[in-house]
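**Student:**
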Amino acid sequence: MRVRGPLWAKVLIAAGTVLVVLAAGTAVGVLTLAHRYNAAVHHADLLAPGSRVSAATVHVTGPLNFLLLGSDQRPDNPANGERSDTIIILHVPASMDRAYLISIPRDLRVAIPPDADLDFPGSTEKINGAFNYGGGGIAGFQLVSKTITQLTGVRFDGAGIINFDGFQRVVALLGGVDMCIDTETRSIHTNALYHVGCQHLRPWQALDYVRQRKDLPNDDYDRERHEQQFLRAVLQAARDQGLIRNPLRLDEFIRAVGSSLIVDTNGVSVADLALALRGIAPSSIVGVRLPSHGEYVGGISYAFPY
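In our numbering, each residue's number is its place in the sequence shown (first place is 1) plus 168.
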């Protein structure tokens with residue numbers, strides 16, 4: 169079953185860099201897989217100049233921050249503008265042994281800065297509109313990065329964007345994932361009913377489940393939490409299946425990941441980044457909720473930080 173829905177920017181690091189590391193298990197495996205991955209993905213300067221840190225040395229050290237974005241736009245058609253459904257700041261502390269996924273509510277009301285190159289005067293509205301105002305693709309991502317840096321003061325060590333179709337292929341290659349459902353959920357897209365309890369979800373079921381936010385107790389917060397749980401499940405499945413030990417599946421997996429991604433590693437090779445992040449296990453990835461509340465402005469519902 170084909171399911172349309174939000175894209176999984178957070179899986180840049182999971183299905184791209186961190187997932188490469190977790191699937192490998194040895195330094196040699198990491199290097200081999202990272203070099204293949206580096207050649208397979210699309211590379212671009214996604215971060216605006218004022219939103220990136222100074223280029224790192226070959227010895228990657230923490231703390232690190234990555235900006236991850238999901239959109240329906242395809243890597244081979246970056247001019248096609250869309251709104252971003254998923255915006256994540258991924259923080260790796262100096263210890264380099266864990267990671268924090270900080271989900272930015274897509275309805276967060278922010279000041280999107282002007283951009284003379286885009287002939288965009290600036291606007292105050294939902295943050296997920298910044299990608300579209302930039303025209304999607306690289307320019308859209310750069311406007312998102314400028315908006316996030318203006319909002320938080322954070323500059324980034326890298327960035328990535330992933331599309332939904334490609335990620336769906338990645339999950340299919342894993343044969344689905346194991347997830348523990350905490351609230352009985354009826355899909356508004358497929359009418360499927362997901363019962364409370366731990367179970368194995370087929371690819372379309374997993375992606376359908378994490379799309380849901382209507383009728384959940386905490387709406388978008390619950391969806392963000394389910395997405396973060398889903399990420400850990402994907403990472404665990406990749407590690408458990410030992411993709412590095414199966415060359416045929418490994419190549420297929422890398423092609424699926426590569427066709428889904430545009431990355432910006434700020435001049436650092438994927439191999440060096442992968443080695444630096446090799447200590448992060450799926451259980452060490454922590455989801456963080458950005459405290460906010462809903463409020464109507466001019467008849468439009470927005471999220472505001474506390």
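Cβ coordinates follow ideal geometry from the N, Cα and C atoms, glycine included.
#1: Would you call the stretch 263-283 and the stretch 455-469 in contact, with 3 or more CB pairs under 8 angstroms?
#2: For S219, does the three-state DSSP call read helix, strand or coil?
#3: Work out the CA separation of A262 and L441 for me, nearest whole Å.
#4: For the alpha helix (DSSP H) containing F398, name the first residue and the last one.
#5: Considering only their Cβ atoms, is the gap separating F299 from S219 smaller than 9 angstroms?
#6: One question on the structure: do D265 and S452 come within less than 9 angstroms of each other, judged by their Cβ atoms?
#7: If I'm right that S313 touches A216 with Cβ under 8 angstroms, what's the distance once you round it to whole angstroms?
#8: From S437, T358 and Q396, pick the residue whose C-alpha is nearest to that of V349; which is it?
#9: Please report the distance separating the alpha-carbon of D476 from that of A307.
#10: Run the CB neighbour count on L214, radius 10 Å, all protein chains shown included, and call it buried at 16 or more, exposed below.
#11: Near G353, what residues of its chain come up, given a Cβ to Cβ distance below 8 angstroms and the 5 sequence neighbours on each side ignored?
#12: Looking only at C-alpha atoms, which of S428, A406 and D390 sits nearest to L132?
#13: With a 10 Å radius around its C-beta and 16 neighbouring C-beta atoms as the bar for buried, classify N130 as buried or exposed.
#14: Skipping 5 residues on each side, what residues in its chain have a beta carbon closer than 7 angstroms to that of I295?
#15: Counting along the chain, where does the alpha helix (DSSP H) carrying Y377 start and finish?
#16: The alpha helix (DSSP H) with G344 in it runs from where to where?
#17: Based on Cα-Cα distance, which residue from G326, L458, I448 and D388 lies nearest to N434?
#18: To the nearest angstrom, how far is the alpha carbon of A223 from that of G305?
#19: Specify the secondary structure class of D283 as computed by DSSP and reduced to three states.
**Tutor:** Reading from the atomic positions:
#1: yes
#2: Position 51 of the sequence shown, counted from the start, is the residue given in the question as residue 219. In this structure, S219 counts as helix in the three-state DSSP scheme.
#3: The sequence position of residue 441 within the sequence shown is 273, counting from 1. The sequence position of residue 262 within the sequence shown is 94, counting from 1. L441 and A262: Cα-Cα distance of roughly 14 angstroms.
#4: For the purposes of this step, residue 398 is taken as residue 230 along the sequence shown, with counting starting at 1. Its alpha helix (DSSP H) spans residues D388 to Q409.
#5: Locating residue 219 in the sequence shown gives position 51, where the first residue counts as 1. Locating residue 299 in the sequence shown gives position 131, where the first residue counts as 1. No, they are not a contact pair.
#6: Position 97 of the sequence shown holds residue 265. Position 284 of the sequence shown holds residue 452. Contact: yes.
#7: Translated into positions along the sequence shown, residue 313 becomes position 145. Translated into positions along the sequence shown, residue 216 becomes position 48. At roughly 5 angstroms, the Cβ-Cβ gap stays under 8 angstroms, so S313 and A216 are in contact.
#8: Against the sequence shown, residue 349 aligns to sequence position 181. With the sequence shown as reference, residue 349 is identified as Ile, and Val is not the correct amino acid for it. The shortest Cα separation from I349 among S437, T358 and Q396 belongs to Q396.
#9: What is shown of the chain runs 169 to 474, which leaves residue 476 out entirely.
#10: Numbered from its first residue, the sequence shown carries residue 214 at position 46. It is buried - the Cβ of L214 has at least 16 other Cβ atoms within 10 Å.
#11: Position 185 of the sequence shown, counted from the first residue, corresponds to residue 353. Here residue 353 is Thr; the residue named in the question, Gly, does not match the sequence. So the qualifying residues of the chain are L361, Y362, Y377, Q380, D383 and L384.
#12: Outside the modelled stretch of the chain, which goes from 169 to 474, sits residue 132, for which no answer is possible.
#13: For residue 130 there is no data in the structure shown, the boundaries of the chain being 169 and 474.
#14: Stepping through the sequence shown from its first residue, residue 295 is reached at position 127. I255, I272, R274, L276, V278 and T315, listed in sequence order.
#15: Here residue 377 refers to the residue found at position 209 of the sequence shown. First-last of the alpha helix (DSSP H) with Y377: P371 to R379.
#16: By one-based count along the sequence shown, residue 344 stands at place 176. Segment: none, G344 is in no alpha helix (DSSP H) and carries neither H nor E.
#17: As a working note, residue 434 is residue 266 in the sequence shown. Per the Cα distances, G326.
#18: Locating residue 223 in the sequence shown gives position 55, counting from the first residue. Locating residue 305 in the sequence shown gives position 137, counting from the first residue. Distance between the alpha carbons of A223 and G305: 22 angstroms.
#19: One-based indexing of the sequence shown puts residue 283 at position 115. Note: D283 maps to strand in three-state DSSP.
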